[in-house]
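**Q** Below is one structure. I have some questions about it.
2 protein chains.
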Amino acid sequence: MVTIKDIAQMAGVSFTTVSKALNGEPGVRAETRSKIIAIANKLNYVPNLAARRLVDRKSDSIGLIWPSKSGLFLYQLFEQFQIQAEQAGYSVIVSLGNPAAAVRTFMKHFVDTIVVWSTTENSPPEFIQARESFQGTMLMFNSAPSPYYHTISIDRQEAIQQAVDHLAMLGHRRISFIGYNTDKITGFDQSARLLQLEDHPDRLLFTPKNSSESWNRVADMLRKPKSQRPTALIVDSYIAMFKLLKLCKIGNMRIPEDISLVAYDDIPELEEITDIAVTTVGPAVEHLASAALDILSGLQNGPPAEEEYRHVKVAPQLVVRGTTRPISDYMM
Amino acid sequence: MVTIKDIAQMAGVSFTTVSKALNGEPGVRAETRSKIIAIANKLNYVPNLAARRLVDRKSDSIGLIWPSKSGLFLYQLFEQFQIQAEQAGYSVIVSLGNPAAAVRTFMKHFVDTIVVWSTTENSPPEFIQARESFQGTMLMFNSAPSPYYHTISIDRQEAIQQAVDHLAMLGHRRISFIGYNTDKITGFDQSARLLQLEDHPDRLLFTPKNSSESWNRVADMLRKPKSQRPTALIVDSYIAMFKLLKLCKIGNMRIPEDISLVAYDDIPELEEITDIAVTTVGPAVEHLASAALDILSGLQNGPPAEEEYRHVKVAPQLVVRGTTRPISDYMM
DNA sequence: CTGAAAGCGCTTACAG
DNA sequence: CTGAAAGCGCTTACAG
Numbered sequence: 035m036v037t038i039k040d041i042a043q044m045a046g047v048s049f050t051t052v053s054k055a056l057n058g059e060p061g062v063r064a065e066t067r068s069k070i071i072a073i074a075n076k077l078n079y080v081p082n083l084a085a086r087r088l089v090d091r092k093s094d095s096i097g098l099i100w101p102s103k104s105g106l107f108l109y110q111l112f113e114q115f116q117i118q119a120e121q122a123g124y125s126v127i128v129s130l131g132n133p134a135a136a137v138r139t140f141m142k143h144f145v146d147t148i149v150v151w152s153t154t155e156n157s158p159p160e161f162i163q164a165r166e167s168f169q170g171t172m173l174m175f176n177s178a179p180s181p182y183y184h185t186i187s188i189d190r191q192e193a194i195q196q197a198v199d200h201l202a203m204l205g206h207r208r209i210s211f212i213g214y215n216t217d218k219i220t221g222f223d224q225s226a227r228l229l230q231l232e233d234h235p236d237r238l239l240f241t242p243k244n245s246s247e248s249w250n251r252v253a254d255m256l257r258k259p260k261s262q263r264p265t266a267l268i269v270d271s272y273i274a275m276f277k278l279l280k281l282c283k284i285g286n287m288r289i290p291e292d293i294s295l296v297a298y299d300d301i302p303e304l305e306e307i308t309d310i311a312v313t314t315v316g317p318a319v320e321h322l323a324s325a326a327l328d329i330l331s332g333l334q335n336g337p338p339a340e341e342e343y344r345h346v347k348v349a350p351q352l353v354v355r356g357t358t359r360p361i362s363d364y365m366m
Numbered sequence: 035m036v037t038i039k040d041i042a043q044m045a046g047v048s049f050t051t052v053s054k055a056l057n058g059e060p061g062v063r064a065e066t067r068s069k070i071i072a073i074a075n076k077l078n079y080v081p082n083l084a085a086r087r088l089v090d091r092k093s094d095s096i097g098l099i100w101p102s103k104s105g106l107f108l109y110q111l112f113e114q115f116q117i118q119a120e121q122a123g124y125s126v127i128v129s130l131g132n133p134a135a136a137v138r139t140f141m142k143h144f145v146d147t148i149v150v151w152s153t154t155e156n157s158p159p160e161f162i163q164a165r166e167s168f169q170g171t172m173l174m175f176n177s178a179p180s181p182y183y184h185t186i187s188i189d190r191q192e193a194i195q196q197a198v199d200h201l202a203m204l205g206h207r208r209i210s211f212i213g214y215n216t217d218k219i220t221g222f223d224q225s226a227r228l229l230q231l232e233d234h235p236d237r238l239l240f241t242p243k244n245s246s247e248s249w250n251r252v253a254d255m256l257r258k259p260k261s262q263r264p265t266a267l268i269v270d271s272y273i274a275m276f277k278l279l280k281l282c283k284i285g286n287m288r289i290p291e292d293i294s295l296v297a298y299d300d301i302p303e304l305e306e307i308t309d310i311a312v313t314t315v316g317p318a319v320e321h322l323a324s325a326a327l328d329i330l331s332g333l334q335n336g337p338p339a340e341e342e343y344r345h346v347k348v349a350p351q352l353v354v355r356g357t358t359r360p361i362s363d364y365m366m
């Protein structure tokens, strides 16, 4: 392993000078510098990063803490984030372990920024503690504003409203929402009231308690005669969408021939999987990633004062594909 | 940043003793040790890897280099690897960036082991070079044996043979393989010959050149009368499987009522997505992960001599689910 | 059982 | 422009 001392000896200078020459520091005669560089190249010198890092603790690295078992959406966001971060000159590392352990891992590795996808599971006390001992910047996806870190939230209410608006525009007036999330339900209710949609017994199909029972209600709904059943459905997530598609198949209901469908979550890859391209609404991974990177590269000059932590709400995107039809198609 | 000196001061001992206590070195009174550990925990001490690495100790970190846009299978392998590695005391970080950059990132972060999922794309010259300057251990998934690193390969030939054997056992004699991979085709041919399966024009449906044309051939095959068309299909990957399922739907073919199907790749999560549980064959992510960890933890005592790099071939697993039926079902 | 000391390879004031 | 020295946080002989 060749060190700057070896180079210094060969060049007949001190290793201090070698360090400066190799790092492009001023105060080295051009001649000396080029001689040193030549020797370094000849010797195939590789700087010891551990030594360097011991002195200056910068790493230009971002650590991502992602929930495990997280499904396609977060995987795609991860990929997208990595791509954009690399372009901005950061290296990205990810940990799927438990959050407290992940913070420690990242501290060991000198990441200077931690980005978390927040879930109900990752705020146990140990995480809080580990987080406090981390002195870098943090950004939390999926979180309400905080005085301690940057936050990015998703406007789920707006997303569902967009879905309802789209369906209403097509003439639908009897619409059901399938899902638990309160923000989404609020959005659904709000739009429904605003647009004076029909109030029918299957408006909200999920009881908050028991999920298998909830799906039974969906199945029952699908069996109703055309005049009573909704003309359009909005589902919570792509997971729920697949479940619904199965139920439809069993019940011999076709989408969109018999009923329209909008799904929350936009996962382009799914087009390859489903029989038909699904109309979706949700935040685009590109937007989420760039929102985060915008915040992060805005603070090159160290962590901001407390009041400067930023909050961004990412708007959803409605992508109309093949599963929504105008109401006239259902009127025959 | 809390260091062993801080701990030493609080404990009223020298930092040498702290180091020994924390590293489980012998020669520290049990009482002293537990006191030191307690303080370290209270202070949320995180060892400085750079310093440790500088005196050439291990960082117990594994860096994964994964192809981006890699799909569900590799994501699940990643999750599984992380879980098993954490249990074995390693921390895992992942990079999806270009491999050469990933190696550099990992060197910056002092990982002592790099695990790569090998693809045709990640052996460009820069990667080779970056790899050479990395002085830790490497393990390559999906690679032939090498004198420079550990390797784990997948017995794809065996996998397809298992699929054919299973179908033959059910009485199928006219079987098609849909895919490009040469190992898989070899496996298919071998089993077909051994079992003296019927030689029919649709045995191998893909021309190696053009994929859209290949799928046209599949569509044509599905349109043939029952007496001419194969009774069972084997597809290359879950991606191909979805494509096939779409074609079947269009052509009004039901699986498994009209034709049996085995898919390569075992992705349990897919059961939620497909209408019917698919019979699959392929390596289990658990086995791949544990094969890697077995090799890696077998070499606690520094990198092995060149001739000691190990090669493991992971056997596939046939999981019979709902898409394969005995031939008698097709004989009416 | 405990601690003082050397040293890993580098950067960075500081002095010449 | 150049170099001697201190020090980053840690491990590891070595001496008590």
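Quick mapping for you: the protein sequence lines, in order, are chains Z and F. Per this note's numbering, the very first residue in the first sequence carries number 35; after that it's consecutive. Per this note's numbering, the very first residue in the second sequence carries number 35; after that it's consecutive. Every residue, glycine too, gets a C-beta built ideally from N, C-alpha and C.
Return the residue from the list Ala226/F, Asn78/F, Ser210/F, Gly332/F that minimises the CA-CA distance to Pro235/F.
**A** Taking only the C-alpha atoms, the option nearest Pro235/F is Ser210/F.
**Q** I'd like to know whether the C-beta atoms of Ser95/Z and Val126/F end up nearer to each other than 8 angstroms.
**A** Going by C-beta atoms, Ser95/Z is not nearer than 8 angstroms to Val126/F.
**Q** How would you list, in chain order, the residues of chain Z whose beta-carbon sits under 8 angstroms from the beta-carbon of Gln116/F?
**A** Those are Ser102, Ser129, Leu130, Gly131, listed as they occur along chain Z.
**Q** List the endpoints of the continuous alpha helix (DSSP H) containing Met141/F.
**A** Run containing Met141/F: 133-142, per the alpha helix (DSSP H) assignment.
**Q** Could you give the C-beta distance for Pro350/F and Asp199/F, rounded to a whole number, given that I count them as a contact under 8 angstroms?
**A** About 12 angstroms separates the two Cβ atoms, so there is no contact after all.
**Q** Report the residue from Leu173/F, Pro133/F, Ala122/F, Glu155/F whose alpha carbon sits nearest the alpha carbon of Thr147/F.
**A** Thr147/F has its Cα closest to that of Leu173/F, out of Leu173/F, Pro133/F, Ala122/F, Glu155/F.
**Q** With DSSP run on the structure shown, which of helix, strand or coil describes His234/F?
**A** Coil at His234/F, not helix or strand.
**Q** Using a Cβ-Cβ cut-off of 7 angstroms (strictly less than) and excluding sequence neighbours within five positions of Asn176/Z, which residues of its own chain qualify?
**A** Once the five neighbours on either side are set aside, the close Cβ partners of Asn176/Z are Trp151, Ser152, Ser187, Ile188.
**Q** How many Å lie between Leu238/F and Arg263/F at the Cα?
**A** One C-alpha to the other measures close to 13 angstroms.
**Q** Taking a cut of 8 angstroms between CB atoms, which residues from the region 63-82 of chain Z lie near chain F?
**A** The residues in question are Val80, Asn82.
**Q** Give the DSSP-derived three-state secondary structure of Asp363/Z in the structure shown.
**A** Helix, per DSSP.
**Q** Just checking my contact of His4/F with Thr185/F at CB under 8 angstroms: how many whole Å lie between their CB atoms?
**A** Outside the displayed range of chain F (35 to 366) lies residue 4/F, so it cannot be described from this structure.
**Q** Cβ closer than 7 angstroms: which chain F residues qualify as neighbours of Lys280/Z?
**A** Here the neighbours are Asp309.
**Q** Can you tell me the Cα-Cα spacing of Asp300/F and Pro259/Z, whole angstroms?
**A** One C-alpha to the other measures close to 40 angstroms.
**Q** Taking the alpha-carbon positions, what's the Phe161/Z to Leu98/Z distance?
**A** Taking the straight line joining both Cα atoms gives about 14 angstroms.
**Q** Could you run through the region 290-305 of chain Z and flag, in chain order, every residue whose CB is less than 7 angstroms away from some CB of chain F?
**A** Taking 7 angstroms as the Cβ-Cβ cut-off against chain F, none of the residues of the region 290-305 of chain Z qualify.
**Q** DSSP three-state call for Val346/F: helix, strand or coil?
**A** In the structure shown, Val346/F sits in a strand (DSSP, three-state: E or B).
**Q** Taking buried to mean at least 16 other C-beta atoms within 10 Å of its own C-beta, is Gln334/Z buried or exposed?
**A** The predicted position of Gln334/Z is uncertain, since its pLDDT is 49 and thus under 50; a value taken from the coordinates is nonetheless stated next. Gln334/Z is exposed by the Cβ-count criterion.
**Q** Out of Ser324/Z, Ser271/Z, Arg251/Z, Leu327/Z, which one is the CA nearest neighbour of Leu304/Z?
**A** Out of Ser324/Z, Ser271/Z, Arg251/Z, Leu327/Z, Ser271/Z has the C-alpha closest to the C-alpha of Leu304/Z.
**Q** Buried or exposed, going by whether 16 or more other CB atoms sit within 10 Å of the CB of Ile307/F?
**A** Buried, because 16 or more other Cβ atoms sit within 10 Å of the Cβ of Ile307/F.
**Q** Below 8 angstroms on the Cβ atoms is my contact criterion, and I expect Ala55/Z with Ile71/Z to pass it. Report the Cβ-Cβ distance as a whole number of Å.
**A** Yes, they are in contact, since the Cβ atoms of Ala55/Z and Ile71/Z sit about 7 angstroms apart, within 8 angstroms.
**Q** For Leu295/F, which option in Arg359/F, Glu113/F, Gln121/F has the closest C-alpha, if you only look at C-alpha atoms?
**A** Cα-wise, what sits closest to Leu295/F is Arg359/F.
**Q** On the three-state DSSP scale, how would you describe Gly221/F?
**A** Gly221/F falls in the helix class under three-state DSSP.
**Q** Quick check: what's the CA-CA separation for Gly46/Z versus Val62/Z?
**A** If I take the Cα positions, the gap works out to 14 angstroms.
**Q** For a contact defined as C-beta to C-beta under 7 angstroms, what are the partners of Phe240/Z on chain F?
**A** Ordered by position in chain F, no residue passes the 7 angstroms Cβ test against Phe240/Z, which lies about 18 angstroms from the chain.
**Q** Closest to Ala193/Z by CA distance: which of Thr357/Z, Ala323/Z, Gly316/Z is it?
**A** Of the listed residues, the one whose Cα sits closest to Ala193/Z is Gly316/Z.
**Q** To the nearest angstrom, how far is it from the Cα of Val269/Z to the Cα of Glu232/F?
**A** Cα to Cα, the separation comes out at about 47 angstroms.
**Q** Between Leu228/F and Thr220/F, what straight-line distance do the alpha-carbon atoms span, to the nearest angstrom?
**A** Each residue's alpha carbon lies about 12 angstroms from the other.
**Q** Counting only beta-carbon atoms, is Ser144/F nearer than 8 angstroms to chain Z?
**A** Sequence check: residue 144/F is Phe here, not Ser. True, the Cβ-Cβ gap to chain Z drops below 8 angstroms.
**Q** Do the CB positions of Gln169/F and Gln195/F come within less than 8 angstroms of each other?
**A** Not in contact: Gln169/F and Gln195/F (Cβ atoms no closer than 8 angstroms).
**Q** Could you tell me the alpha carbon to alpha carbon distance between Arg257/Z and Gly285/Z, rounded to whole angstroms?
**A** Rounded to whole angstroms, Arg257/Z to Gly285/Z spans 7 angstroms at the Cα level.
**Q** If we define contact as Cβ-Cβ less than 8 angstroms, is Val319/F a contact residue for chain Z?
**A** So, not an interface residue.
**Q** On the CB-based measure, 16 or more other CB atoms within 10 Å of its CB, does Gly213/F come out buried or exposed?
**A** Classification of Gly213/F: buried, given that the 10 Å Cβ count is 16 or more.
**Q** Identify the residues that DSSP records as bridge partners of Val315/F: which are they?
**A** The partner list for Val315/F (beta bridge, DSSP) reads Tyr298/F, Leu352/F.
**Q** Which partner residues of Met174/Z appear in the DSSP bridge assignment?
**A** Its beta-bridge partners are Val150/Z, Thr185/Z.
**Q** Exposed or buried, what is Ser93/Z when buried is set at 16 or more other beta-carbons lying within 10 Å of its beta-carbon?
**A** Buried.
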